[in-house]
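Visitor: Take this structure first; my questions come after.
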Amino acid sequence: MLRSHTCGQLRKSDIGTEVTLCGWVESKRDHGGAVFIDLRDRYGLTQVVLGPPEANPELIAEASKVPAESVILIKGKVADRLEGKTNDKLETGDIEVRCHHYEILNACTTPPFTPGQSDLPGEDLRLKYRFLDLRRSEMQEALVRRSQIIKKMRDYFAERDFIDVETPILGRSTPEGARDYLVPSRVHAGHFYALPQSPQLYKQILMVAGFDRYVQVAKCFRDEDLRADRQPEFTQLDLEMSFVDCDDIIGMIDGLVAETAKEVLGKDIQLPLPRMTYDEAMRRFGHDAPDLRFDMEIVDVTPVAKKTEFRVFRGTADAGNFVRGMRVPGGAKQYSRRQIDVLTEFVKEFGAKGLAWFRVEDDGSLFSPIAKNFDEAHLAEIKELLAGTPGDLLVFLADTWETTCKGLYALRKRFGAEMKLYDADALNCSWITEFPMFDKDEETGNWHAMHHPFTAPLAEDLPKLESDPAGCRAQAYDLVINGSEAGGGTIRIHDSEIQSKVFGLLGIDEKTAEDRFGFLLNALRFGAPPHGGIALGVDRWVMLFAGLENIREVIAFPKTQKASDLMTDAPGEVDAAQLTELHLKTVKTKS
RNA sequence: GGCGCGGUAGCUCAAUUGGUUAGAGCCCCGGACUGUCGAUCCGGAGGUUGCGGGUUCGAGUCCCGUCCGCGUCGCCA
């Protein structure tokens, strides 16, 4: 090592020691006769002083010219700081190093921004100069936390007899699911590999092979549009177990959640984590990943709507649709008429036609531009159903079940954030269970697997598999942290006959199934143990555990919304020769 | 693909209703300075207002197109 200590290491007890430090010049304060340099590495910041008598005038003059963010090596003696000159903001603030030897290991060209500056530059610039951005303490902390969490996961499963097995990155395209990233084959003209959306099939095969407990930190790829919590390339903690049911997997992850929260955040999590069925989640919160850090539940007032004269409510109810609403405690003051107009526009983004609202007045009466359409008794009933108290805002959507779910879920999320209804430090973890096996594509009328086509139905719903697909529930479970899907898994079908039936329902004919999943169907005939597993979103875990709101903040080299890497300029063009070799030709598409 | 926000000096931002030579702080360059820690003081440089077109006597500002970044809907088994 070039250095004897790190920049975060030295304390009063080291005074008098001769040390060698290496690091980056965070800042420099030049007084002519003496120069102060804050030297930084990932461990901290140490003040280096170049002044007489240790440093000669030439050395001081040279140091005064060193550009910010240069990498230097200094030798000197640890010294006590003068009375009243200590710096409480630094761990090393009680000492300084009096430098007698100084060399530039690599001078920094003028950087577009510095890690220490108070104004964070635009994100495109941060991504282009990621090596500078990653010098920022926030980024370093996030990646350290990521490393801790992954280590915790690996240790936890290793202690429980899981075997880490790597599965291929070059696989084959699957007919269902997200859009694949494809890799052309040079050897097989016109054939393509697909990058894995998850190691799903391989881990099931590993169970058939008798590995019993498998785990992997797996890179996954999905060519879909990005979001604040979504990257095209992301990391899953993927695992699979044999001879298990839902409770076994959930219990295993419960333990991981509690241990991780304890070790990484010092937080105690009560086990078992609460569970809620999918139906209940949709009914109470309108979404399968509800944010349970705060209350505020959806209330169905359709029965009252049916009795009223208000056309919008009555018509919706009579058509078999729903009128559902929420109580916003104290919302009457928070939201003016004008702001309610904004909310109305907001719910339209989710397909709602409008937003009905009532204000609970001081005398307990309901005020609303639509109130005149209601009998007193019906108003009273609505107020009672929502437990409205003076100062509350009551909001309603009258629409299909799906639209009321979407709109009210979005509103609830917005109210939660705008009215600060939850503790920003809270870590709320829970399970959503009993997902439907299938959902229907409204355009084509086709059934889709809600999770994936290998998901086992609940045993009690097995008879309904073909007669009532919509009512058939799956042995599926999602881990939800602070309203974000942090993981999901299922018990798999381990019987080739049931698997074929499910493929049939999904419109995957025998030939396609044989073509794409023949190896799995085949394996299921060779002594397949009952098995199931789960995949945890590592990036999201880190984001949630770090209290961050963007997945790019926990990924060293993330991609932009258009899936490009601003640092390397990927994706890029390739030589014509490369294309020829891969039997590819590019075509221009009209845009 | 749709909707919304943004793009002005290296960086962060400002610029009245469309009106003089587009400003400030930081950074950078030169100078002064032995106790700073956002050092200070003096001086200086730095602009295709993302790009292209249009309206106008006149456009950073208005209009159209386009590129890029962000958020979101669709999408994401």
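If you read the first sequence in the working numbering, its first letter stands for residue 854, the second for the next number, and so on.
Positions of the beta carbon are idealized from the N, C-alpha and C atoms, including for glycine.
Please state whether DSSP places R1080 in a helix, a strand or coil.
Guide: For the purposes of this step, residue 1080 is identified with residue 227 of the first sequence, where counting begins at 1. Correct three-state label for R1080: strand.
Visitor: Give me, in chain order, the residues of the same chain whose beta-carbon lies closer than 8 Å to that of V1181; leave out the 5 immediate sequence neighbours on both sides.
Guide: The residue you call residue 1181 lines up with position 328 of the first sequence. Once the five neighbours on either side are set aside, the close Cβ partners of V1181 are M1149, Q1187, Y1188, D1245, L1246, L1247, V1248, F1268, M1272.
Visitor: Expressed to the nearest angstrom, what Euclidean distance is found between the alpha-carbon atoms of L1239 and I1151?
Guide: One-based indexing of the first sequence puts residue 1239 at position 386. One-based indexing of the first sequence puts residue 1151 at position 298. So the two alpha carbons sit approximately 9 Å from each other.
Visitor: Using CA atoms only, rank isn't needed, just tell me which of M1060, L978, F889, K1225 is closest to T899.
Guide: Within the first sequence, numbered from 1, the residue matching residue 899 stands at position 46. Considering only alpha carbons, the answer is F889.
Visitor: I need the DSSP call for T1286, collapsed to helix, strand or coil.
Guide: Within the first sequence, numbered from 1, the residue matching residue 1286 stands at position 433. Looking at T1286 - three-state DSSP - the assignment turns out to be strand.
Visitor: Is it buried or exposed for I1016, if we count other Cβ within 10 angstroms and need 16 for buried?
Guide: Counting from one through the first sequence, the residue named residue 1016 turns up at place 163. Label assigned to I1016: exposed.
Visitor: Using DSSP with H/G/I as helix, E/B as strand and the rest coil, what is E1202?
Guide: Locating residue 1202 in the first sequence gives position 349, counting from the first residue. Reduced to three states, the DSSP call for E1202 is coil.
Visitor: Beta carbon of V997, beta carbon of A1142: below 8 Å?
Guide: As a first step, residue 997 is located in the first sequence; it is residue number 144 there, counting from the start. As a first step, residue 1142 is located in the first sequence; it is residue number 289 there, counting from the start. Contact: no.
Visitor: Opposite Q1069 in the DSSP bridges: which residues?
Guide: As a working mapping, residue 1069 is identified with position 216 in the first sequence. D1091.
Visitor: Excluding sequence positions up to five away, which residues of its chain have a Cβ less than 6 Å from the Cβ of V1061?
Guide: In the first sequence, counting from the first residue as 1, residue 1061 sits at position 208. If we look at V1061 and ignore the five residues flanking it on each side, its Cβ neighbours are A1376, A1381.
Visitor: So, Y1055 versus T1020, is the Cβ gap smaller than 8 Å?
Guide: The residue given as residue 1055 occupies position 202 in the first sequence. The residue given as residue 1020 occupies position 167 in the first sequence. Yes, they are a contact pair.
Visitor: Let's test the definition: count the other Cβ atoms within 10 Å of the Cβ of F1220 and tell me whether it reaches 16, buried, or not, exposed.
Guide: Your numbering for residue 1220 matches position 367 in the first sequence. So F1220 ends up on the exposed side.
Visitor: In the DSSP assignment, find the alpha helix (DSSP H) that holds Y1009 and state where it starts and stops.
Guide: As a working note, residue 1009 is residue 156 in the first sequence. Unbroken alpha helix (DSSP H) run through Y1009: 990-1011.
Visitor: Helix, strand or coil for T945, going by three-state DSSP, please let me know.
Guide: On the first sequence, position 92 is the one that residue 945 refers to. Residue state, collapsed to three classes: coil.
Visitor: CB-CB under 6 Å to F1074, same chain, minus the five flanking residues each way: which ones, in chain order?
Guide: Counting from 1 along the first sequence, the entry for residue 1074 is found at position 221. Closer than 6 Å at the Cβ level, and outside the excluded window around F1074, lie Y1034, L1048, E1086.
Visitor: Considering only the alpha carbon of each residue, which of D941, R1265, P920 lies closest to R864?
Guide: Counting from one through the first sequence, the residue named residue 864 turns up at place 11. Nearest of D941, R1265, P920 to R864, Cα basis: D941.
Visitor: Leaving aside the five residues before and after D1014 along the sequence, list all residues of the same chain whose C-beta is less than 7 Å from its C-beta, in chain order.
Guide: For this step, residue 1014 is matched to residue 161 along the first sequence. Answer for D1014: R1066, listed in chain order.
Visitor: Hey, how far is the Cα of V1070 from the Cα of D1215?
Guide: Working through the first sequence from its first residue, we reach residue 1070 at position 217. Working through the first sequence from its first residue, we reach residue 1215 at position 362. Computed Cα separation, rounded: 57 Å.
Visitor: Run the CB neighbour count on H1041, radius 10 Å, all protein chains shown included, and call it buried at 16 or more, exposed below.
Guide: Along the first sequence, read from residue 1 onward, the residue named residue 1041 stands at position 188. With fewer than 16 Cβ atoms within 10 Å of its Cβ, H1041 is classed as exposed.
Visitor: What distance in whole Å lies between the Cβ atoms of V1407 and R989, which are believed to be in contact at a cut-off of 8 Å?
Guide: Your numbering for residue 989 matches position 136 in the first sequence. Your numbering for residue 1407 matches position 554 in the first sequence. With 8 Å as the limit, R989 and V1407 do not qualify as a contact, their Cβ atoms being about 13 Å apart.
Visitor: Near E1319, which residues of its chain fall below 8 Å by C-beta distance, leaving aside the five closest residues on each side in sequence?
Guide: As a working note, residue 1319 is residue 466 in the first sequence. Closer than 8 Å at Cβ, skipping near neighbours: K1354, L1358.
Visitor: Which same chain residues end up closer than 7 Å to L1435 when comparing Cβ atoms and leaving out the 5 residues on each side of it in sequence?
Guide: Taking the first residue of the first sequence as 1, we reach residue 1435 at position 582. Closer than 7 Å at the Cβ level, and outside the excluded window around L1435, lie P1037, R1039.
Visitor: Given this structure, state the Cα-to-Cα distance separating G1024 from R1136, to the nearest angstrom.
Guide: Here residue 1024 is taken as the residue at index 171 of the first sequence, counted from 1. Here residue 1136 is taken as the residue at index 283 of the first sequence, counted from 1. Straight-line Cα distance between these residues: approximately 39 Å.
Visitor: Closest to I957 by CA distance: which of K918, G975, T939, Q993 is it?
Guide: Your numbering for residue 957 matches position 104 in the first sequence. Checking every option, the nearest Cα to that of I957 belongs to K918.
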